[in-house]
Amino acid sequence: MPKATIRSMKKTVAVIFGGRSAEHDISIVTAIGSVLKPLELSQQYNVLPVYIAKDGSWYADMKLKDIQLFTTGGIEAFCAKTKKAQLLFDNGLVLIKSGLRAEKIKIDVVFPAMHGTFGEDGSLMGLLRMAHVPFVGCDMTASVIAMDKVLSKQVIMAASVPTPKFIHFSNSEFAAHQKAIFEQVEAARLHYPVFVKPAHLGSSIGITRVIKPDDLQNAIEVAMHYDDTVLVEEAVTSLIEVTVPIMGNDELTPALVEQPLTKAEDFLDFDTKYMQGGKKGGGKRGAQGYSKLPADIPESLYNKALEVAKNAYKAIGCTGIARIDLLIDSKANKVYFNEVNPMPGDLYAHNWRQAGIAPVQLVTRLVELAEARFARQQQLEVTLTTNFLKQF
Amino acid sequence: MQLIVDSLLVNYEIQGDNRVKKTILLVPGWGDTLVSFRTLASELAQDYTVISVDLPGFGRTQQPQTAWGLGEYARFIGSFLKKLNNTKLYAIIGHSNGGSIAIHGLAIGAFTAEKLLLIATAGIRTTTKQKLHRRLWQPIAKVGKIATILLPGHTRQRLRQQLYKAIGSDMLVAEHMQETFKRVVGQDVREDAARLRIPTLLLYGDRDNATPLSFARLFSEQISGSKLVVIEHAGHFVHLEQPQKVMTEINKFLQ
Numbered sequence: 016m017p018k019a020t021i022r023s024m025k026k027t028v029a030v031i032f033g034g035r036s037a038e039h040d041i042s043i044v045t046a047i048g049s050v051l052k053p054l055e056l057s058q059q060y061n062v063l064p065v066y067i068a069k070d071g072s073w074y075a076d077m078k079l080k081d082i083q084l085f086t087t088g089g090i091e092a093f094c095a096k097t098k099k100a101q102l103l104f105d106n107g108l109v110l111i112k113s114g115l116r117a118e119k120i121k122i123d124v125v126f127p128a129m130h131g132t133f134g135e136d137g138s139l140m141g142l143l144r145m146a147h148v149p150f151v152g153c154d155m156t157a158s159v160i161a162m163d164k165v166l167s168k169q170v171i172m173a174a175s176v177p178t179p180k181f182i183h184f185s186n187s188e189f190a191a192h193q194k195a196i197f198e199q200v201e202a203a204r205l206h207y208p209v210f211v212k213p214a215h216l217g218s219s220i221g222i223t224r225v226i227k228p229d230d231l232q233n234a235i236e237v238a239m240h241y242d243d244t245v246l247v248e249e250a251v252t253s254l255i256e257v258t259v260p261i262m263g264n265d266e267l268t269p270a271l272v273e274q275p276l277t278k279a280e281d282f283l284d285f286d287t288k289y290m291q292g293g294k295k296g297g298g299k300r301g302a303q304g305y306s307k308l309p310a311d312i313p314e315s316l317y318n319k320a321l322e323v324a325k326n327a328y329k330a331i332g333c334t335g336i337a338r339i340d341l342l343i344d345s346k347a348n349k350v351y352f353n354e355v356n357p358m359p360g361d362l363y364a365h366n367w368r369q370a371g372i373a374p375v376q377l378v379t380r381l382v383e384l385a386e387a388r389f390a391r392q393q394q395l396e397v398t399l400t401t402n403f404l405k406q407f
Numbered sequence: 046m047q048l049i050v051d052s053l054l055v056n057y058e059i060q061g062d063n064r065v066k067k068t069i070l071l072v073p074g075w076g077d078t079l080v081s082f083r084t085l086a087s088e089l090a091q092d093y094t095v096i097s098v099d100l101p102g103f104g105r106t107q108q109p110q111t112a113w114g115l116g117e118y119a120r121f122i123g124s125f126l127k128k129l130n131n132t133k134l135y136a137i138i139g140h141s142n143g144g145s146i147a148i149h150g151l152a153i154g155a156f157t158a159e160k161l162l163l164i165a166t167a168g169i170r171t172t173t174k175q176k177l178h179r180r181l182w183q184p185i186a187k188v189g190k191i192a193t194i195l196l197p198g199h200t201r202q203r204l205r206q207q208l209y210k211a212i213g214s215d216m217l218v219a220e221h222m223q224e225t226f227k228r229v230v231g232q233d234v235r236e237d238a239a240r241l242r243i244p245t246l247l248l249y250g251d252r253d254n255a256t257p258l259s260f261a262r263l264f265s266e267q268i269s270g271s272k273l274v275v276i277e278h279a280g281h282f283v284h285l286e287q288p289q290k291v292m293t294e295i296n297k298f299l300q
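Residue numbers (the working numbering), protein chains in the order written: chain A, 16 to 407; chain B, 46 to 300.
Here is the structure:
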């Protein structure tokens, strides 16, 4: 009998983190600080940390709960001497810890605490769908749309949610028709400054704010270093950036509208967000640096931001949790969709806490939402019994 | 800020008013990044446009595909400046290996500058003391390599790190750049220095063991018209250890 079945009647939640992504390290912080600990504190689950190393190998071990294993650099030695975990799809997901005493652990729910490529872009979600296991956060389709800035803006526009004007092109189009692309930028009447962005990466990686046409080429080259598709997007003037974490499948629960403390001329980059802990200022320090929580904006604008965020969440088909980033033109009182983050760093626990939802409540609610979505999906017919093959 | 130069993703910073004509380039040393220059850059930015860059393989600039020598680094700086449309430097300030790159680059015409400022600059590789040092340690390193062949990888690596630290080598400061390190430290830039004809200031710490005052004197002899200033109570990272004194000397020199 598999050991997991005799351990306890508690469900086993596998928290998957790390991964082959530029945001590998951020994922470790999210998983250990904001997911593993609250799940354990809830005392409702057996919590299994599953770490995906930078080379893509999987490890499942209780020692992976210790942040010091990562901060001291001991993780490399740990991976070198630890057997890799294997996955078994057996009408659900089973993790096999190989070794002299191989251990099979049946996973009841997966909590992906991963950011960026493979973890947040729908790849892992596709694998988990195939494995037939409930998982926390957005499903595959919404994740794919969310992690493609071009696709998400197109979906948003189709749902009549406002988003800044943009053009997009592929690496090969730019290489073959560079002049035509620059003409396209002119023809679209994009006003400078513009942002040049890789279509798929998060955390502001490869994004450049361009203030004059002369600098456009260099910015496009940088974005293309990271991605096959690039978008050039008009910057919003009189800008106030806000972000809204939302939770739910059908009924949506937004947290507070949060205002990261950045200036238009001081674009928040990866370093500012994650490496330096944000700028000094009077705001609250979260995973994204300092911010005003709730945002210091008029009530009408605050409510408009909530409405646009919820509309965007629905339009993209998000479930579980996501964070919607918005751009506000404070002079024109207009709210624009910027992008959606299907697995916000640290789950934005600081915001949820201030909104009255403690970390333990947050993670248990997310597990419940995952199970509810999975149960609903089970009601859909996906196989069809026919005598089609018997005719041959 | 980022830029693509010769297919490498390059991290750099520009401080000061872009409209100011006089531009200063800061080049960090081996294993170092532009962060070490931030205080200096902020001070200089009051009067100049200041560009600082992470060299390929360090900081947030991509590593080159092949092992580079000083020539590749010098030509990289030339291409970098061209890409920024800023090829006429007023001054170039190099620290340690950054100084060697500056000397070599100016000598081969990879870029030009009106003034050169060398802080604790390396590039002297063939003194009698250095030759003796190499003759003593090279056989020990080779014997150690064979003797530890059966040890586990991480133990072997730890012993190796301890050995290189003990002999004062920067070989493992950037382990991913070992082949480049071997090429760079194999190049002596004294002949390049002798070809320079621009005002040059040499700043060295009196307690510097990595690039001792003997290097400063050798460079001073080679570069005609150069001025040597010894900063007291400072080791190799002169600009970080005595920022005020260094800034005072730089201001005097650049005026």
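Glycine residues also receive a C-beta, built at the ideal position from the N, C-alpha and C atoms.
> Does T244 (chain A) get closer than 8 Å to chain B when you measure Cβ to Cβ?
Replying inline: It does not; no Cβ of chain B falls within 8 Å.
>> As a quick exercise: from B:I96, B:N142 and B:T132, pick the residue whose alpha carbon is nearest that of W75 (chain B).
In response: Nearest to W75 (chain B) by C-alpha distance, out of B:I96, B:N142 and B:T132, is B:N142.
> Cβ of G144 (chain B) less than 8 Å from any chain A Cβ?
Replying inline: By this cut-off, G144 (chain B) is not an interface position.
> Does any C-beta atom of chain B lie closer than 8 Å to the C-beta of H240 (chain A)?
Replying inline: The beta carbon of H240 (chain A) falls within 8 Å of a beta carbon belonging to chain B, placing the residue at that interface.
> What's the gap between the Cα of S175 (chain A) and the Cα of V229 (chain B)?
Replying inline: Between the C-alpha atoms of S175 (chain A) and V229 (chain B) there is a straight-line separation of about 59 Å.
> What are the boundary residues of the alpha helix (DSSP H) that V44 (chain A) is part of?
Replying inline: Start and end: H39 to V44.
> Under the rule that 16 or more other beta-carbon atoms within 10 Å means buried, what is S87 (chain B), buried or exposed?
Replying inline: It counts as exposed.
> So which residues on chain A does K38 (chain B) lean against when the C-beta distance must stay under 8 Å?
Replying inline: No statement about residue 38 (chain B) is possible, as the shown extent of chain B runs from 46 to 300 and does not include it.
>> Can you list, in chain order, the residues of its chain with a C-beta nearer than 8 Å to that of S345 (chain A)? Leave out the 5 residues immediately preceding and following it.
In response: Answer for S345 (chain A): S253, L254, I255, I312 and L316, listed in chain order.
>> Any beta carbon from chain B within less than 8 Å of T223 (chain A)'s own beta carbon?
In response: Closer than 8 Å to some Cβ of chain B, the Cβ of T223 (chain A) qualifies, so yes.
> Just by C-beta distance, which residues in the region 46-61 of chain B are closer than 8 Å to chain A?
Replying inline: So the close ones are M46, Q47, L48, I49 and L54.
> Quick one: what does DSSP say T223 (chain A) is sitting in, helix, strand or coil?
Replying inline: Residue state for T223 (chain A) is assigned as strand, using DSSP reduced to three classes.
>> Please list, in chain order, the chain B residues whose beta carbon lies closer than 8 Å to that of V237 (chain A).
In response: Neighbours of V237 (chain A) on chain B, chain order: Q47, L48, I49 and L54.
> Can you list, in chain order, the residues of its chain whose CB lies under 6 Å from that of L246 (chain B), leaving out five sequence neighbours each side?
Replying inline: Around L246 (chain B): L162, K272 and F298.
> Whose C-alpha, out of A:I122, A:G371 and A:M262, is nearest the C-alpha of G332 (chain A)?
Replying inline: Comparing C-alpha distances from G332 (chain A) to each of A:I122, A:G371 and A:M262 shows the shortest one belongs to A:M262.
> In terms of residue numbering, what span does the alpha helix (DSSP H) encompassing T225 (chain B) cover?
Replying inline: Per DSSP, T225 (chain B) is one residue of the alpha helix (DSSP H) stretching across Q223 to V230.
> Quick one, are the C-beta atoms of G123 (chain B) and F156 (chain B) less than 8 Å apart?
Replying inline: Less than 8 Å separates the beta-carbon of G123 (chain B) from that of F156 (chain B).
>> Less than 7 Å between C-beta atoms, sequence neighbours within five positions excluded: which residues of the same chain meet that for K99 (chain A)?
In response: Excluding sequence neighbours, K99 (chain A) sits near S72, W73 and Y74.
>> Let me make sure I understand the geometry here. Which of A:M162, A:S113 and A:L115 has the alpha-carbon closest to that of G137 (chain A)?
In response: Nearest option by C-alpha distance: A:M162.
>> Which same chain residues end up closer than 8 Å to E159 (chain B) when comparing Cβ atoms and leaving out the 5 residues on each side of it in sequence?
In response: A distance below 8 Å between beta-carbons, with the five flanking residues on each side excluded, links E159 (chain B) to the following residues of its chain, in chain order: L134, Y135, A136, I243 and P244.
> Taking the alpha-carbon positions, what's the F210 (chain A) to F181 (chain A) distance?
Replying inline: Straight-line Cα distance between these residues: approximately 9 Å.
>> Pull the bridge partners of D340 (chain A) from the DSSP assignment, please.
In response: A:T258 and A:E354, per the DSSP bridge assignment.
> When the Cα atoms are used, what is the spatial distance from S219 (chain A) to R204 (chain A)?
Replying inline: So the alpha carbons of these two residues sit roughly 24 Å apart.
> Which two residues bound the contiguous beta strand (DSSP E) that contains G33 (chain A)?
Replying inline: G33 (chain A) -> beta strand (DSSP E) spans K26 to G33.
> Thinking just about the alpha-carbon of each residue, which of A:D229, A:I122, A:V247 and A:V272 is nearest to the one in V165 (chain A)?
Replying inline: Closest option to V165 (chain A), Cα to Cα, is A:V247.
> Is I339 (chain A) closer than 8 Å to Y328 (chain A) when the C-beta atoms are compared?
Replying inline: Y328 (chain A) is a Cβ neighbour of I339 (chain A), given a cutoff of 8 Å.
> To the nearest whole angstrom, what separates the beta carbons of V98 (chain B) and V80 (chain B), a pair I think is in contact under 8 Å?
Replying inline: Between V80 (chain B) and V98 (chain B) the Cβ distance is about 12 Å, and since that is not below 8 Å, they are no contact.
> Per the contact definition of three or more C-beta pairs closer than 8 Å, is the region 370-380 of chain A in contact with the region 184-203 of chain A?
Replying inline: As far as the Cβ criterion goes, the region 184-203 of chain A does not touch the region 370-380 of chain A, which means the pair count is below three.
> Per DSSP, what kind of secondary structure is L161 (chain B) in: helix, strand or coil?
Replying inline: It is a strand residue.
> Would the beta-carbon of V283 (chain B) fall within 8 Å of that of A90 (chain B)?
Replying inline: No, they are not a contact pair.
> CB-CB under 6 Å to V274 (chain B), same chain, minus the five flanking residues each way: which ones, in chain order?
Replying inline: Around V274 (chain B): L248 and E294.
> Touching or not, the region 110-124 of chain A and the region 351-371 of chain A, by the rule of three or more beta carbon pairs under 8 Å?
Replying inline: Taking 8 Å as the limit for Cβ pairs, the verdict is that the region 351-371 of chain A does not touch the region 110-124 of chain A.
> Can you give the beta carbon distance from S158 (chain A) to D243 (chain A), rounded, assuming they're within the 8 Å contact cut?
Replying inline: Between the beta-carbon of S158 (chain A) and that of D243 (chain A) there is about 18 Å, and that puts the pair past the 8 Å contact cut.
> Which residue from B:E236, B:T84 and B:L115 puts its Cα closest to that of V95 (chain B)?
Replying inline: Taking only the C-alpha atoms, the option nearest V95 (chain B) is B:T84.
> Buried or exposed: H192 (chain A), going by 16 or more other Cβ atoms within 10 Å of its Cβ?
Replying inline: Exposed, by the Cβ-count rule.
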